[in-house]
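Chains as they are written, first to last, in this note's numbering: chain A, 1 to 489; chain B, 490 to 978; chain C, 979 to 1467; chain D, 1468 to 1956. For reference, the structure discussed in these notes is given below.
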């Protein structure tokens, strides 16, 4: 949305894009009609003549218009709207080709019909195929545009190329037969000696039929070259076909490989997990957790997302984390009343993960490394008493767990298991400690919050958790860290 | 095994799965019979008419049934059994298509035969091909199901698609010939002018023969298009074939690449190892150890397994380690009488590895980094005296080795070499030290165990190991660590 | 540019390369003319005879010349110019083949025509095809030469192989027909019984037409084997074609996969970013930053460059960094007057990165980890006051930012956002600190520079930055580091 | 070389391997002759009959022999030589198939010729094709055997499969024509009505010609199906061909991709380096160093070797390092007289690298991180005086450099540049320090050696190196480390 000079159009203007699409439509028409006219029609002043010149007119307009369209400079990544620079750039690149492909050679040929052979002028009209560069450019653009499916874009391109090749080859082959002195010794005349009297439609279909029979290498042989001239054309067409067919197959292989790679990765991962489970005779509960975790990871494409984020520079990642996790983190009881700067530094260390239903997030007695904030879903807090599991609570969105383990350097007091699909923020304990060290005031706020919840847990521990809570709660290491810092400032 | 409402069937119910398989069988029948009836048979009230309507009936039943089948919600990953939601979902997706593909248009056409052209109604019966989406969905399911071999699933799918294409093209091509005004100017009539009097079987085989000759691009040319109508059909069929053939080849390439990738990786790894050994003229004993290690790793797919485990979240990995290694670890002499929590934290740091026969696990005098517990198999303990190897003992399943080196910070006292295929648990020394630091009481238990074995080793050292044991056994670093902690609590 | 003995030519001498290219041209001529002469021409003393012998002469000269060309030893990587070694090497490798392929067997056959069958001698002239190894070697060289496009080199090679196969097969098939006792029962005679009276051009085109019709598996059938001898030849040719076609398709697939891989990676990365943005409903500003960063990274191939550098040994990397970053770094105010050695160690830790316009490099309040030097472009310094952004300054090429955060261990005082495409050097704070520790004198110089800028920032802080600057500016940690070092020396 | 029971043969015995190869030869003969006899020959008591029964005899001998061949148990990886287990294993797997494929059904048919149709017995003789599993097993073995080239093994396999398919299809198609009631309405009879009187060779070649024309989809059409029976056979053959052709192409693609991947990686790496150099206008000297380093790395496959080593367990790596580097390291002056254990721990930390001529290994003033021992080749020691390079010495195989920088924590005193291709051992400074810490006595020995060289360097410094040597040579950090340790023990 940069402001451009008056009279200069941006290449991203939707009206200019529409104009370009319209030109592509005209190009497709030109590409089809040019070889067709060349082979099947006698050129004369009729409706088609007028229509052709109208089409030519549009392209002439475009040549003029190009002088008023800004372009993106490849060095500075800025839109250049200086008319002089625009003109210089165009004149030194496509200008001459565009003019040649627009010049009305056929109309000229009509004027000069008496003075020379029309074939030469018709050949010149083949210059119009230069316009196909627009189609090629459009496909290159579409392939990079993720709004369009890559598979179908690519297929459309391949089908277009194939159809155009078939059409051209059919037309030229007919032209050769049409101009051959002995109509009976031509590919079409050998079957139907009076082919020139046939309906245009029938002749065109026959030419197309021969062309595609050859391109697909079916080669029925009902229509085949009868004279050296046709043989020579066939030799080149078949060589070209060999390349085109290889190219089609190569592209299809490429697409199939890409297409099936996700399913294949999924299968390989699931199989490796299943084989591992089977070989070690893991109990079904663990097996289910493994498989549902893998399935979820593939469904949410968790891996890809992480790669995407890691590829971005730190400032963007911080922006994203701030936008996504700040509202959640500031509602967590531990981080209430802490400074915005502290939270800002903290959220850039957080990671979001999805857990399927019934999966363990924390195991009781595990060494604590992370603390978690529940973004959505529900988790059960479970303790093992006498070998049986007992649900002692539920945590809902906004709750935090694992913080007691991390901040007090204690094994985790309970197992945390998801009840439904849950999104959970994970914060590494070491990162938290480092951030607290750098912001001692906020550390004190957090310690106050923690001492409240400790009271609650201590009361719980009376019934269940006594064995592991009989040592002083706030461990030496935490006190030292926070305390030492306080003195330092 | 979630409880659903009465009258609502789970989509995972085995009876419903059986019903779905039965419908797929009917779909296959429909897909084959529909084009065949269309091209070769005159529709009238006979056995086939009744059979067709019975098949239709089953699909009608399925439409009704679908209103009573729960579905998995893609947001919450829960089975939805609310009839209203089920109905809304079905009505807004496939319902209309299902109804159209089930409506008995042919029976209607029979009633109206006198009043209109039957071709239109026959065309409508092509709507039944919509049912093929069930086959497509089934293949998508099978491809993700690791109980079925991916290669054969994929091949079956490709063969089915090919056969269906051949069948349809053959039928339609026959239809064109059958309806053409001049039977002699048709692809089949040119060879056999009285083809309409031929047996149905012969006509069908001829149509299939033509169809497959064209699809495989063999194109003998004994049967070929004779009129523009057939040429046009051939053009489209050949274009389609070009795509289909590319698709088949692309898929096959994909499968071959995947199939051979394991052998290829194996070869590459073995070759790299052999070349390395040859270039450096390694002695045969080391060379054998390298190759047998690589072979075993590929046979047990050790690499893949480790990747699988690393992809899982920590809690699941801890569960698995606890299940697998706890029984072994608690029998190891060093960990007898330690607390369950300590063991739980320890096993999550352990890794299981396989060693082929005659491979060195530890080398004498090596810097110690890991300790090992033997899960299965036997290992020899070897010392080098005067340049010769002497076996001083054997360790069997449940024994531990390398612990003296790690806990006393001494070079390993003997070489440990496997006698047969052995599974060995590895525990990193640093992890063990960290866990001991966090659990000082258990550390004391371990030190007691260690002092006993030290006595044994010291007595050994009298004969063999004297040179490196003349310094105090329990090294300064270990004492400091454990002692410092003791004071800290 | 090593000095060689007199009379010995370097293989890298441009004149020798020109000679080799000339020989390749002659080889191409030989490869085409040999089968052609063999099949279509009666050998006699005419212009062609003389021309052939001239060509042979060139190859004879090359045999002699080879004794005077140095070669690169594969062990020591040195050019060997000892004539004895050169001769030994040549005699023990290609010498005999080269002589055989140069001997004028055809001229001899002319002398002996009366005494034996000419076919045997003609067969011997096929030995000339041995010369093709030069073409093969040339293609192997071209493929590794990055001045030539891999795709076109490979395509040229494949087309050459295909054309040569077509040419040879056509010639040999004609030869078989030509020598067959019954001309009417040959592939060409069945269509044109008087084919031997046809013009040479027509016969050659017909042979090529048959050959390519078979190679591409089109197989019209207008020309086909008529006797067992031809059938046998066809069997082998078709088997060969099966291999060649597979090889062509395999190569094309390979090229297509490689070709599209960049677009595909780009699409996948952009899609992953877009999906992530859409799922998390990120604000458009962050979304734009993400996408323009990804686009720029692909355009400048930032990833590949980093890989290239990492693959090089440390000394080369240091040389490069010194060459690239030294002039920029020594102009940065912080590093003015520091010693060259200090700068040398510093620049090898720097990394250059490009940032698109409007992208955040540093966010206000972010934890500081890196300092930056602007190489080119402009950046805005922005502070957030009351939730609104305020530009407080601009930095131009040569300016440094982020250093206050890093050296004073403070959150970054302002957001830094690029104004246009900018290249920025990044230096990790820890690396800087380590280098300062090892060079205490230079550390003191830097501190002096820093204290000046601090004064400036403090004056700024009066208006905007007061809230976070009320603590002493030079933080404890930096003082301690530098001070402690000062005492240590 | 394990000792087996008497009468039991090891599967790895070279005589048994020879016997297996001989059987494979017989299998190839059987596979060719069985379809051929079936289609072309009338079975009677002639030389072929006797020959066939001799071949059968060999296979009968093999069935008996198999009971005396040990096998490798897949669980314990041990050779099992218990005759009972061998018998059980064989009886429960291939025994019945082997017996059926060896039974002389044709000889029986000869006895019963009068009483029934010979076709059934001939069909039974097709059971001999079961023997092909031996060929399949042999190819699977060859593919994993790195002594054989993968490409050619795979190609041979594909060609064999293709030829066998062609042979079988040709024979069966001839059989159908031979048994058809109306010889004129068969594929061969339509062209040559008296085909049954033709020579066997001509009939066989014609059948092969048809078969391969169809397989390669050339389909000339001169020979084509004439009756429904042949059409049906063709349909199945063409479907099979579609699969086979896809399989061939898939394999070829796979091989081509693998084949070209090395060249391609090389190109990509060189291009990335060249582009980087061009974009940054690096001076030619650095550019040459980059390119020659990359070329050397690809030639010596340095990357692969490192991967191979990293995949091996620690003990094997230590063995290799000890074998390779011990002789070199103990000759280095710094490590003379140190204990063997110390050296053993040190060499496992070393890495060998190749450097091309004229490449910098160390740059003057670089921060020191590694020390180097020259294994082979020569390096120049260079100092920069007044911006010019001056060679102050040469190091030859066995010399050490960089140790002063590492052990005295000083920037490197001179640039080290290779003179010719050199192999250099690299030892990380930190690893050396850690090993010295663990072996204080050896540390003292090393310090003594170092003080001698320091004297030498100090004397040098008088002329060149004064500026950076004016501080005390043995730096504080090293003294502290070694000294602190001395006290600790």
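Virtual Cβ for every residue (Gly too), placed ideally from N, Cα, C. As the structure is a prediction and not an experimental result, all values here were calculated from the model.
| query | Quick one: any contact between the segment 1883-1892 of chain D and the segment 1824-1831 of chain D, if contact means 3 or more CB pairs under 8 Å? | reply | Output reads yes: the segment 1824-1831 of chain D touches the segment 1883-1892 of chain D.
| task | Would you give the residue range spanned by the beta strand (DSSP E) that residue 1225 (chain C) belongs to? | result | Premise fails: residue 1225 (chain C) lies in the alpha helix (DSSP H), 1206-1257, not in any beta strand (DSSP E).
| Can the beta-carbon of residue 1633 (chain D) be found less than 8 Å from the beta-carbon of residue 1575 (chain D)? | Between residue 1633 (chain D) and residue 1575 (chain D), the C-beta gap is not smaller than 8 Å, which leaves the two residues out of contact.
| query | Which ranges does the alpha helix (DSSP H) cover as unbroken runs of at least 4 residues, wholly within the segment 500-531 of chain B, from first to last along the chain? | reply | Runs of the alpha helix (DSSP H) lying entirely within the segment 500-531 of chain B, each at least 4 residues long, are 503-529 in chain order.
| said: Taking beta-carbon pairs under 8 Å, can you tell me which members of the segment 621-639 of chain B lie near chain A? | reply: Within the segment 621-639 of chain B, the residues whose Cβ lies closer than 8 Å to some Cβ of chain A are 632, 633, 635, 639, listed in chain order.
| request: Determine, using beta carbons only, whether residue 466 (chain A) comes closer than 8 Å to chain B. | output: In this prediction, residue 466 (chain A) scores a pLDDT of 38, lower than 50, which makes its location untrustworthy; the coordinate-derived value is nonetheless stated afterwards. It does not: the Cβ of residue 466 (chain A) has no partner Cβ on chain B nearer than 8 Å.
| Does DSSP put residue 136 (chain A) in a helix, in a strand, or in coil? | Here residue 136 (chain A) sits in helix by DSSP.
| task | Give the secondary structure of residue 1805 (chain D) by DSSP, where H, G and I count as helix, E and B as strand, and everything else as coil. | result | Here residue 1805 (chain D) sits in coil by DSSP.
| the segment 824-858 of chain B: which residues have C-beta closer than 8 Å to a C-beta of chain A, in chain order? | Within the segment 824-858 of chain B, the qualifying residues are 829, 830, 833, 834, 837.
| message | For the pair the segment 363-379 of chain A and the segment 421-430 of chain A, tell me if three or more CB-CB distances fall below 8 Å. | response | Remark: three or more beta-carbon pairs, one from each stretch, lie closer than 8 Å, so the segment 363-379 of chain A and the segment 421-430 of chain A are flagged as touching.
| request: Kindly indicate which three-state DSSP category residue 1123 (chain C) falls into: helix, strand or coil? | output: Assigned with DSSP and collapsed to three states, residue 1123 (chain C) falls in coil, not helix or strand.
| Counterpart residues of residue 1879 (chain D) in DSSP-defined beta bridges | In the DSSP assignment, no residue is bridged to residue 1879 (chain D).
| task | Measure the Cβ-Cβ separation of residue 1902 (chain D) and residue 1812 (chain D) and say whether it is below 8 Å. | result | Less than 8 Å separates the beta-carbon of residue 1902 (chain D) from that of residue 1812 (chain D).
| Under the three-state DSSP convention, the category residue 1841 (chain D) falls into | Strand at residue 1841 (chain D).
| So, are the CB atoms of residue 749 (chain B) and residue 1832 (chain D) less than 8 Å apart? | Going by C-beta atoms, residue 749 (chain B) is not nearer than 8 Å to residue 1832 (chain D).
| Given that a residue counts as buried once 16 or more other Cβ atoms are within 10 Å of its Cβ, and exposed if not, what is residue 1059 (chain C)? | With 16 or more other Cβ atoms within 10 Å, it is buried.
| query | With 8 Å set as the bound, which would you pick, yes or no: does the beta-carbon of residue 1717 (chain D) sit closer than that to a beta-carbon of chain B? | reply | Interface residue, yes.
| request: Could you tell me the boundaries of the beta strand (DSSP E) in which residue 1401 (chain C) lies? | output: Unbroken beta strand (DSSP E) run through residue 1401 (chain C): 1400-1406.
| field | Closer than 7 Å at the beta carbon, the chain C residues around residue 492 (chain A) | value | Only positions 1 to 489 of chain A appear in the structure, and residue 492 (chain A) is not among them; the question remains open.
| Whether residue 1132 (chain C) touches residue 1243 (chain C) by CB criterion (8 Å) | No.
| Within 9 Å of chain D by C-beta, residues of the segment 193-226 of chain A in sequence order | Result list: 217, 218, 219, 220, 221.
| query | From residue 1816 (chain D) to residue 1775 (chain D), what does the alpha carbon distance come to, in whole angstroms? | reply | Distance between the alpha carbons of residue 1816 (chain D) and residue 1775 (chain D): 16 Å.
| query | Roughly how many angstroms separate the alpha carbons of residue 1161 (chain C) and residue 143 (chain A), rounded to a whole number? | reply | One C-alpha to the other measures close to 57 Å.
| field | Exposed unless 16 or more other CB atoms sit within 10 angstroms - verdict on residue 367 (chain A) | value | So residue 367 (chain A) counts as buried.
| said: Mapping the DSSP letters down to three states, classify residue 380 (chain A) as helix, strand or coil. | reply: In the three-state DSSP reduction, residue 380 (chain A) falls in the strand class (E or B).
| What is the DSSP secondary structure of residue 1539 (chain D), counted as helix, strand or coil? | Strand at residue 1539 (chain D).
| query | Of all the options C:1043, C:1311, C:1168, which has the alpha carbon lying nearest to the alpha carbon of residue 1375 (chain C)? | reply | Distance from the Cα of residue 1375 (chain C) is smallest, within the candidate group C:1043, C:1311, C:1168, for C:1311.
| One or two residues paired with residue 842 (chain B) in a DSSP bridge | Answer is B:913, bridged to residue 842 (chain B).
| Cβ-based contacts, 7 Å cut-off: residues of the segment 1695-1709 of chain D near chain B | So the list reads 1695, 1698, 1699, 1701, 1702, 1705, 1706, 1708, 1709, given in the order they occur along the chain.
| task | Say whether chain D places a C-beta atom closer than 8 Å to the C-beta of residue 253 (chain A). | result | Interface residue, yes.
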